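J.: Reminder that position 426 of the sequence shown reads as 457 in the numbering used here, one-by-one numbering, no gaps. Let me begin by handing over the structure; questions about it come next.
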Amino acid sequence: MSKKIPKIFGTDGVRGRANVYPMVVEVALSLGRAAGKLLRNHNGKHRVVIGKDTRLSCYMFENALIAGLCSMGIDTLMLGPFPTPGVAFITRAYRADAGIVISASHNPFYDNGIKFFSAEGFKLPDAWEAEMEKLVHTNEFGESLPLDFDIGKNAKVNDADGRYIEFVKATFPKRQTLKHLKIALDCANGAGYKVAPLIFKELDAEVFLYGNTPNGMNINEKCGSLHPETVRQAVLFHKTDVGIALDGDADRVIMVDENGQFIDGDIILAICAKDMKEKGLLLNDTVVSTIMCNYGFMKAMAGLGIKVVQSQVGDRYVIQEMLKHNAVLGGEQSGHLIFLEQNTTGDGLVSALQVLRIMIEKNCKLSELASIIERYPQANISVKVKLKPPLSDLTKTSSQIKLVEKALGDNGRVLVRYSGTENICRVMVEGPNFDQVHKYAVEISEVISQEIGEN
């Protein structure tokens with residue numbers, strides 16, 4: 032009987048606390064060697080693009096990955112701090128065999144992660160990840176080590192910022208500018224801190240900048256898409272037309288309208304879906320969202336004659352369903368928006384520009400566009416857990432969920448799931464009254480804490 036290989040890949044690559052297994056340099060080195068061995072078995076230029084966000088630990092993981100790849104005869108191209116969607120774009124532009132991002136996205140600075148893109152800019156299939164895990168654990172590299180001139184080289188890509196800036200600007204109509212628009216921009220002290228301000232300024236917007244002074248430890252700290260109240264305050268103080276909050280690796284965006292109201296991924300997705308349908312650009316009149324989307328989004332899409340396909344939570348699952356159903360637009364409430372004809376992953380900057388374009392073309396405020404959805408109140412609670420057993424095995428939790436579902440009837444829903452990247456159980460209750468759904472969410476969360484809580 033073969034021994035089961037321990038998993039190190041989660042739903043979004045390898046992720047965890049820096050210097051705690053699996054996010055240790057030894058694993059990063061082995062991942063570089065594993066990726067190198069697999070890539071050398073395929074035809075290609077044998078080069079890999081590597082980008083990162085602004086975390087303190089990115090330097091050590093970057094060096095470990097480069098060492099592993101070069102030792103297997105793969106040339107590496109360093110981008111430095113760079114948005115995740117930009118890495119996917121540069122990977123395609125350089126005809127590289129793969130791209131690697133060192134980032135833990137919206138997580139605190141002490142976490143980090145490693146995820147891989149294919150040559151086409153999509154996240155690697157599960158089969159590749161499984162093969163890499165096997166190589167990491169067996170450490171079978173000795174017989175295939177290249178020698179002499181075949182050892183890989185490392186180089187810095189000096190024009191990456193400019194290339195990506197022009198790519199993002201090209202998704203905006205050439206004859207349009209952002210002149211007369213005032214924008215509050217929060218870069219989360221993350222990977223977008225250099226390119227994001229330049230994109231909006233080069234399109235003639237007046238930009239009030241926040242979260243653009245990374246120090247290795249302040250990424251996502253009281254800023255960015257997880258803390259949009261920062262950019263909300265900026266919108267109200269400077270009386271801007273819109274607020275834009277990116278996350279740590281700039282692949283998601285949350286916006287704020289001129290009145291300080293938060294505009295999440297559901298609303299942005301609805302705005303863009305309506306615009307694309309009106310222009311005949313929404314292929315098959317289909318949009319992909321996740322099981323977390325607000326019921327108000329579902330109602331709005333039904334009213335527009337747009338079919339909604341729901342996926343698991345996570346942009347990789349959204350993209351899978353988009354490819355399966357031949358859809359060109361997808362996204363999730365957290366602010367990942369995928370315009371498949373523009374890029375192969377969520378892109379916070381491209382998404383924000385599409386909303387600004389629609390505002391200009393329709394000559395209306397963001398609050399007017401956002402009225403497309405009448406949101407149902409949602410209560411969301413995250414419970415820290417020490418274990419992740421199947422929820423059906425948790426007798427008390429299952430009973431409490433059934434009680435709440437019975438009480439809500441057809442006027443709401445309950446969704447309880449584990450995070451794919453953290454030791455967290457997420458509870459969402461949706462219904463017509465916030466106080467009621469919040470009470471239900473608290474009751475379920477307390478039972479989960481009793482059964483598998485951290486304390």
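Just so you know, even glycine gets a beta-carbon here, dropped at the ideal spot from N, CA and C. This structure is a prediction, so every number in the text was calculated from the model and none was measured.
Taking its Cβ as the centre, do 16 or more other Cβ atoms sit within 10 Å of G63, making it buried, or is it exposed?
T.: By one-based count along the sequence shown, residue 63 stands at place 32. G63 should be labelled buried.
J.: Could you spell out the range, first to last residue, of the alpha helix (DSSP H) harbouring I97?
T.: Along the sequence shown, one-based indexing puts residue 97 at 66. For I97, the enclosing alpha helix (DSSP H) begins and ends at 89-102.
J.: Could you tell me whether the segment 145-155 touches the segment 400-413, using the rule of 3 or more Cβ pairs below 8 Å?
T.: Three or more Cβ pairs closer than 8 Å define a contact, and the segment 145-155 falls short of that threshold against the segment 400-413.
J.: Since G117 sits in a beta bridge, which residues does DSSP pair it with?
T.: Walking along the sequence shown from the start, residue 117 turns up at place 86. G117 pairs with nothing; no bridge assigned.
J.: Tell me Q341's beta-bridge partners as DSSP assigns them.
T.: Along the sequence shown, read from residue 1 onward, the residue named residue 341 stands at position 310. Per DSSP, S320.
J.: Of the choices V473, Y195, K76, G99, whose alpha-carbon is the least far from that of E57?
T.: Your numbering for residue 57 matches position 26 in the sequence shown. Measuring from the Cα of E57, the nearest candidate turns out to be G99.
J.: Excluding the five sequence neighbours on either side, which residues of its own chain have a C-beta within less than 7 Å of the C-beta of M91, listed in chain order?
T.: In the sequence shown, residue 91 corresponds to position 60, counting from 1. Excluding positions up to five away in sequence, the list reads V56.
J.: So, for M20: in the same chain, excluding its five sequence neighbours on each side, which residues have a beta-carbon less than 6 Å away from its beta-carbon?
T.: Since the displayed the chain opens at 32 and closes at 486, residue 20 lies outside it and no answer follows.
J.: Report yes if the CB atom of L216 is closer than 7 Å to the CB atom of I275, and no otherwise.
T.: As a first step, residue 216 is located in the sequence shown; it is residue number 185 there, counting from the start. As a first step, residue 275 is located in the sequence shown; it is residue number 244 there, counting from the start. Against a cut-off of 7 Å, the Cβ pair of I275 and L216 comes out as a contact.
J.: Which class does S149 belong to by DSSP, given the choice of helix, strand or coil?
T.: In the sequence shown, residue 149 corresponds to position 118, counting from 1. Here S149 sits in strand by DSSP.
J.: How would you call E363, buried or exposed, if buried means at least 16 neighbouring beta carbons within 10 angstroms?
T.: As a working note, residue 363 is residue 332 in the sequence shown. Classified as buried, E363 has 16 or more neighbouring CB atoms from the shown chains inside 10 Å of its CB.
J.: Using only the alpha-carbon positions, how far apart do V226 and K355 sit?
T.: Residue mapping note: residue 226 aligns to position 195 of the sequence shown, counting from 1. Residue mapping note: residue 355 aligns to position 324 of the sequence shown, counting from 1. If I take the Cα positions, the gap works out to 33 Å.
J.: I need the boundaries of the beta strand (DSSP E) containing A265, first residue and last residue.
T.: Counting from 1 along the sequence shown, the entry for residue 265 is found at position 234. Note, A265: premise wrong, no beta strand (DSSP E); alpha helix (DSSP H) at 260-269.
J.: In the DSSP assignment, the alpha helix (DSSP H) including F465 goes from what residue to what residue?
T.: Here residue 465 is taken as the residue at index 434 of the sequence shown, counted from 1. F465 -> alpha helix (DSSP H) spans 465-483.
J.: I need the straight-line Cα distance from G193 to T202, nearest angstrom please.
T.: Position 162 of the sequence shown holds residue 193. Position 171 of the sequence shown holds residue 202. Those two C-alpha atoms are separated by around 15 Å.
J.: The alpha helix (DSSP H) with P40 in it runs from where to where?
T.: Position 9 of the sequence shown, counted from the first residue, corresponds to residue 40. It should be pointed out that residue 40 corresponds to Phe in this sequence rather than to Pro. No alpha helix (DSSP H) contains F40, which DSSP labels as neither H nor E.
J.: Roughly how many angstroms separate the alpha carbons of E171 and S61, rounded to a whole number?
T.: In the sequence shown, residue 171 corresponds to position 140, counting from 1. In the sequence shown, residue 61 corresponds to position 30, counting from 1. C-alpha separation (whole angstroms): 10 Å.
J.: Could you have a look at V51 and say whether DSSP puts it in helix, strand or coil?
T.: For the purposes of this step, residue 51 is taken as residue 20 along the sequence shown, with counting starting at 1. Note: V51 maps to strand in three-state DSSP.
J.: Is it the case that the Cβ atoms of G379 and D282 are separated by a distance below 7 Å?
T.: Position 348 of the sequence shown, counting from 1, holds the residue named residue 379. Position 251 of the sequence shown, counting from 1, holds the residue named residue 282. Yes. Within cutoff.
J.: Find the nearest neighbour of R71 within the set K437, G44, A127, judged by alpha-carbon distance.
T.: If you number the sequence shown from 1, residue 71 lands on position 40. Per the Cα distances, A127.
J.: Would you mind reading off the limits of the beta strand (DSSP E) that contains S61?
T.: As a first step, residue 61 is located in the sequence shown; it is residue number 30 there, counting from the start. Segment 56-71 is the alpha helix (DSSP H) holding S61; no beta strand (DSSP E) there.
J.: In or out: P116 buried (at least 16 other Cβ within 10 Å) or exposed?
T.: Reading the sequence shown from its first residue, position 85 is the one you call residue 116. P116 is buried by the Cβ-count criterion.
J.: A410: which of K393, V458, E436, G377 sits nearest, CA to CA?
T.: Start at 1 with the first residue of the sequence shown, and residue 410 comes out as number 379. The residue with the shortest Cα to Cα distance from A410 is V458.
J.: From N138 to P245, what distance separates their C-alpha atoms?
T.: Position 107 of the sequence shown, counting from 1, holds the residue named residue 138. Position 214 of the sequence shown, counting from 1, holds the residue named residue 245. Using only the alpha carbons, I get a separation of about 15 Å.
J.: Tell me, which residues are paired with N185 by DSSP?
T.: On the sequence shown, position 154 is the one that residue 185 refers to. T107.
J.: Rounded to whole angstroms, what's the CA-CA distance from E309 to K330? Just pull it up for me.
T.: Working through the sequence shown from its first residue, we reach residue 309 at position 278. Working through the sequence shown from its first residue, we reach residue 330 at position 299. Those two C-alpha atoms are separated by around 18 Å.
J.: Can you name, in chain order, every residue of its own chain whose Cβ lies under 7 Å from the Cβ of S365, other than the five neighbours on each side?
T.: Position 334 of the sequence shown, counted from the start, is the residue given in the question as residue 365. Excluding residues within five positions, the ones whose Cβ falls inside 7 Å are R283, G296.
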